[in-house]
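Student: Chains as they are written, first to last, in our numbering: chain W, 1 to 390; chain Y, 1 to 868.
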Amino acid sequence: MFTVQWESRSVTVVRAKESGESKTTTYWKNKSHEKKMFDVEPIIADHKDVIHDVVFDYYGRRMATCSSDQTVKIWDEDAQGKWSVTSSWKAHSGSIWRVSWAHPEFGQVVATCSFDRTASVWEEVIGEKVSTTNTPTRRWVRRTTLVDSRTSVTDVEFAPKYLGLLLATASADGIIRIYEAPDIMNLSQWPVQHEIANKLPLSCLSWNTSTYMVTQLLAAGSDDSATPTGKVFLFAYSDNARKCVKIDTVNDITDPVTDVAFAPNAGRTFHMLAVASKDLYIVNLRGVTDSTGTTKLDIQTVKFSDHNCPVWRVCWNMLATMLISTGDDGCVRLWRMNYNKQWRCAAVLKAEGSGPTYEPAPPTPTLAATASATAKFYKKGTIGNQVPWH
Amino acid sequence: MMSGNIHGLSWFPNFPDKFVSWGQEINLYEVRSKDDAPLKSRLPYISVNYLANESRYQYARCVAASYHSHQPIIAVGLADGKIGICNFRDTYDSSWEYTPRQQRMCTCLAWNELDANILAIGHDRHRSDSCITIWDTERGVPKETANFFGQAESANSLCWDRNHRMLIAGMSQKMIKLFDLRQNNATCQSIQTKTVQGLSVAPNGNDLCSYVDSIIMLWDVRSIKQPLRQIQSSRNHLQIAWCPTRNSLLSSLQRDSPYITLYDIRTVENENSREIYHVKRQISPFPAKYHHSGKFASVNCLSWHSRDFERALLLADAVNILDFRLPATLHTAHSNRRKLPLLMQRPLYAPASPTSTTAATPTQQPTSSCSLNSASSSNLDYSPHSALNVDFLVPELFELDLVDETRQRALEDYGIKPDNKRFAELHLTPYLRNVWSTLNNVYCDEQLSGVKSALGINLGHTSEALMASSRIESQLLQWPDGINNSNKLVCYKSEQRDHALQLCGWALEYELERFIDQLYDNKEYSRAAMISVFHLKIMHACGILSAAADKMRDPSMYRITVIALSSFNADRCSSTSRNQRSSANMQIQDPHLRAIFSFLTMEKDNFEAVLKEEGVSLADRMAFACKYLSETKLTDYVKQQIQAAIDCGDLNGLLLTGESLDGISILQSYMDVSFDVQTVALVAINYFRQEHFTDKRIQYWIASYLDYLNSWGLWEKRAELDIKIEGIRSSARSSRTVYLSCNFCGKPVSNALLDEPRPRSTTTSTNRLSSCPSCRKPLPRCSLCLMHMGTMINMSNGETPSTTPEVQGWQTKPFSKWFSWCQTCRHGGHTEHIMQWFKQNSECPVSSCNCRCFDMDGSKPNTLRDIS
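#1: Residue ranges of each beta strand (DSSP E) run of no fewer than 3 residues wholly in the stretch 182–227 of chain Y, ordered along the chain?
#2: Pull out every residue of the stretch 309–330 of chain W whose Cβ sits closer than 7 Å to any Cβ of chain Y, in chain order.
#3: Just mark Cys-648(Y) as buried or exposed, buried being the case when its beta carbon has 16 or more other beta carbons within 10 Å.
#4: For Cys-14(Y), which residues in the same chain have their Cβ closer than 8 Å to its Cβ, ignoring the five residues on either side in sequence?
#5: Have a look at Gln-189(Y), Asn-434(Y), Ile-6(Y), His-331(Y) and flag the residue whose alpha-carbon is nearest the alpha-carbon of Cys-893(Y).
#6: DSSP three-state call for Ser-171(W): helix, strand or coil?
#7: Might you give, ordered along the chain, the residues of its own chain that have their beta carbon closer than 7 Å to the beta carbon of Pro-591(Y), omitting 5 neighbours on each side?
#8: Output needed for Ala-146(Y): all residues of its chain with C-beta closer than 7 Å, excluding positions within five of it in sequence on either side, in chain order.
#9: How close, in whole Å, do the beta carbons of Ile-6(Y) and Gly-77(Y) come, if the pair is a contact with beta carbons under 8 Å?
#10: Starting from Gln-151(Y), follow its DSSP beta bridges and name the residues at the other end.
#11: Determine whether the beta carbon atoms of Ile-544(Y) and Tyr-510(Y) lie at a separation below 8 Å.
#12: Shortest alpha-carbon distance to Cys-331(W) belongs to which of Val-319(Y), Asp-391(Y), His-827(Y)?
#13: Taking the C-alpha atoms as reference points, what is the distance between Tyr-162(W) and Leu-508(Y)?
#14: Strictly below 9 Å CB to CB, what residues from chain Y border Cys-113(W)?
#15: Which bits of chain W does Arg-697(Y) rub up against, with CB to CB less than 8 Å?
#16: When you compare only the Cα positions, how much space is there between Met-622(Y) and Gln-475(Y)?
#17: Beta-carbon separation of Cys-159(Y) and Ser-200(Y) under 8 Å?
#18: Among Gln-300(W), Val-311(W), Trp-190(W), Val-250(W), which one has its Cα closest to the Cα of Lys-278(W)?
#19: Give the DSSP bridge partners of Phe-324(Y), in chain order.
#20: Secondary structure at Pro-104(W), three-state DSSP: helix, strand or coil?
#21: Could you name the residues of chain Y that Cys-345(W) contacts, counting a contact when the two beta carbons are closer than 7 Å?
#22: Excluding the 5 residues preceding and the 5 following Leu-167(W) in the sequence, name in chain order all residues of the same chain whose CB lies nearer than 6 Å to its CB.
#23: Counting contacts by CB-CB distance shorter than 8 Å, is Thr-65(W) in contact with chain Y?
#24: Helix, strand or coil for Arg-729(Y) per DSSP?
#25: For chain W, find out if any of its Cβ atoms is closer than 8 Å to the Cβ of Leu-402(Y); answer yes or no.
#26: Using beta-carbon positions only, say whether Gln-668(Y) and Arg-697(Y) come within less than 8 Å of one another.
#27: Reducing DSSP to helix, strand and coil, say where Pro-430(Y) ends up.
#28: With a threshold of 16 other CB atoms inside 10 Å of the CB of Phe-815(Y), please say whether the residue is buried or exposed.
#29: From Cys-775(Y) to Met-213(W), what distance separates their C-alpha atoms?
#30: With 16 as the cutoff for other CB atoms within 10 Å, does Asp-419(Y) come out buried or exposed?
#31: Three Cβ pairs or more, each shorter than 8 Å: is that satisfied between the stretch 212–231 of chain W and the stretch 710–726 of chain Y?
#32: Relative to the alpha-carbon of Leu-273(W), which residue among Cys-309(W), Leu-323(W), Thr-254(W), Lys-246(W) has its alpha-carbon at the smallest distance?
#33: Using three-state DSSP, classify Pro-591(Y) as helix, strand or coil.
#34: Do you know offhand how far Phe-270(W)'s Cα is from Gln-699(Y)'s?
#35: Does the beta-carbon distance from Glu-171(Y) to Val-196(Y) come in below 8 Å?
#36: Can you tell me whether Tyr-739(Y) is buried or exposed? The criterion is at least 16 other CB atoms within 10 Å of its CB, across all chains shown.
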């Protein structure tokens, strides 16, 4: 077992460290000396309210967070690898659900979306003033506000670079809008290119980055809990209709969906889509060409119930060899593929308070000492026996 | 004394470590701090001290803990309407008991927060009697009419306004009434609603929630006419409560449910409108594995701690009490680093010691106070409670990470120069190392031809025609002495087959001994023996193995093989014992030795056992096939092996296919299996250099890999690959993107610069280069050293040029001596000078130019290294 500890006050780097002498520890002793499994780096977000999204830029050197406190924060990594907030501003008048980075080729640009029915595009500009410290003053300027939605805008994401400067938004009234900046030097013009209406409210969307099979492939999920129908939809550009159309629905997933994420695809023939719902799902999409020559999607859904609570967010690492899912109970689960090409939950990360880790049977003292349990059982009957004056 | 079920529990709002539970009897407990006496193993979970109990009131209908701060006081309402006040000390005090005139059930109790002595009591309806009583416990039992409200009605729920002396009551299942008690004759305001099961005012003092069945209604106490929002859920609510340490977090328990439902209530305030929305979240306090075992089926009661952040007591299954904190949510996102960043809204807790809990005052901004608090204590105390826990369920899955490997290999110049020595230095798996050396072997004359094309399979003419054209010699081999094998062994030979053998890494007959010796030196003993046997040099194989046996730690297998080989009689072990052989073969660990025996005992012309021996490399099997298979069988075998390689994504199959569409299919299926875009892209760059290089798939892999290098900031590595790729695309050379032309005459300057390396005296060339070759006007100057472009700055620095003037042309100048300029303001100079300037300045060196050339790039200054 690894425990991880704080090193400093604000931004804390955590090192894997051995703890205790329990049985589980000895099992780890040999390996932990050879190689660290991975580093975990806790960062205190310093938002005044619930954080809804955190996204890294293309280089992994900048981070954007957004929160219900209506602010967006931009973090930069310094030379020592510590993260600090370099910009923070009130971006909306409601909870900010999501934030997305544009490809750096288009400049330092983020998009945000909020319950206040708008999505905004922000660009970092260099200030006119020369500050005393000789570092350039940078600030984020709102380039545009997209006000087309009549309800909360639940997700926003820039399209992969090969499509140009495109932005997709999903809203609670079920409409996906795809905006395009025709002139990348002028970020104030974002005409709507496509508008796809759905019957169900949408909660999330994800672009597929690959050019394999279908172009402009987009997945969206719905958090509607009233209907027992499929909750994940796939959209793609149709050459015949000259617009984006719904091409398929993942019918296996009928629970409300809170997040979808396409695995980055560097050239696999199939796409993987992670879906956060009541359980975690991984959907494999393959293009199948039938006898008439039309390409259809072959959809295979695998369900993982390890979380035992609704899954909240999913994300992939850059080569799609690891999937990270966050549950409502605060546990972060890391998934890897085993030799058999089956996804397995390989590690669980818990913050203090994230669910008790007890055995109902009398536990060993070591367990009580090492477990990060914060919930305790007080057995009433046995207390009574101890009271002397009864 | 055994207590039965617990019906409810509650913290004392002004005693951070005391709580009361009620059921059959009422007990007072104190939470022990962690430093107390060690936990007794008999009572493992108890970190609570039993303090007192109150046995007078059994089966209390409702209990309320008061806001008194000097001692813990509770009010108890009984089914017969009697109200008792208890401080767990003075056991019998009749003045602390109130009995209504008519016997009826007490339904609800509420202590006032501002004036701790004021208790509001709700009763059921009885004729025209009033149902609400206000009792000032200091002044004795209520008698005045001013203390009674709600005649001929029943009270369903009660709560006090936080800011004023105002009582909010849900009455008669149909309305909420607000009694303003600031005046003597209380005014009353009422609204019609069915949501009167429970009432609670939010910590912000303005929001009021009320519920009935499955509906929660939110109101603003200041203007209660219209509800703010209605929240409908699927199940009926059992209890709702606001979390006192959060602004607007509403918790709800549902009957027979293991979950706590949390509603995060938020507002959007525009200029003139206020809109309320909520975020719902369900969490279970029980370990996930008990959900289905039925051990803990439900949460019955919840009491939030008034000061500790998001801490609550829970009553599980009417028996167990849990101390619970809302899990800290961790946020994470993928970045291209190895580190997994975890974003937390607040620091994790230090252990709840009494000092820290009292220091943390109930705040409007819990975040700030908690962060200070826990930061200070975490410096002192590294208990596991302030930590994150990582639980490795399947640790071996973390041992290899492709992202790390890919990055590591990229740093080691993987695939830039493919030669066998380099592969040994790289962090490659044996499989990949083997693949690369095989490919390196097959690659000759700038192309990867592959065994299939070397054998001329499917090259437009049938194999029969080929057979005729290419003079295949078939030769009947004699088994050497000592081997009694009546099977006839036919060996095929042709130019193509010899070539194919070489591709597979085998040597021709005349070099065979040297080849086998080489293998022996490489410690591939069993492989050397196998190849010897395949060439029917069985005695030689025996020699190899017996020599090898001396060097082995466990030589038994080799020795046995030697004995078996030296007196091998294939005829004797025919038919019946062949079954024996197959089972014996199962027990031979070394695949090469297995192949030896399979070969020696094969039935007539049936080489299946050797050809399908997975442990032997595809190259060796292929070479064997080239030697002993007839043309049609060989063709089938090659096709079958190619198909197998495509099916399982085996890069060794490239040996057979070479650069072809099948080869791309093999790469593709390897990609699908391994996700290793790096290897795929590099194989394509190094070996697929002919017509297939422009295949869409190959181009996509290369683009993806270059994209990864970019995102890691490995610009140099990417540039090296780019140069290599550019060399392949020689036909479609990309046009030059930068032209150097004179400002005055517009004629290109660069041609003159190209001419420069011609041997001539340095002084004249220096002069010539500082001016336009056609109009003789001066070239632009470096904005810092004011020297003209083309001037040798190393000369001006007084450094002696280390190289001879002949090679000191523009091509050999280091990048720092080059000219570069800002794309925005068009000012520039020698890169070296510009870099020095921008280390200290942010504006352009040209006076009166305010361009911040260096900040134009999005990346941060500290990531830009000195590129000179």
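Each residue gets a CB set at the ideal place from its N, CA and C atoms; glycine is no exception.
Tutor: In terms of the structure at hand:
#1: 187–192, 198–201, 207–212, 215–220
#2: Cys-309, Pro-310, Cys-315, Trp-316, Asn-317, Met-318, Leu-319, Ala-320, Thr-321, Ile-324, Thr-326, Asp-328, Asp-329, Gly-330
#3: exposed
#4: Sequence inspection shows Asn at residue 14(Y); the Cys mentioned does not correspond to that position. Only Tyr-67, His-68, Ser-69, Ser-306 meet the Cβ criterion.
#5: Residue 893(Y) falls outside the range modelled here, since chain Y spans only 1 to 868, and no answer is possible.
#6: strand
#7: Glu-613, Gly-615, Val-616
#8: Asn-184
#9: Between Gly-77(Y) and Ile-6(Y) the Cβ distance is about 17 Å, and since that is not below 8 Å, they are no contact.
#10: Ser-130(Y)
#11: no
#12: Asp-391(Y)
#13: 52 Å
#14: In chain order: nothing, as chain Y lies at least about 14 Å away.
#15: Gly-267
#16: 19 Å
#17: yes
#18: Val-311(W)
#19: Ala-312(Y)
#20: helix
#21: Leu-393
#22: Ala-111, Phe-158, Tyr-179
#23: yes
#24: coil
#25: yes
#26: yes
#27: helix
#28: exposed
#29: 57 Å
#30: exposed
#31: no
#32: Leu-323(W)
#33: helix
#34: 17 Å
#35: According to the sequence provided, residue 171(Y) is Met. The question's Glu does not apply to it. Yes, these two residues count as a Cβ contact at 8 Å.
#36: exposed
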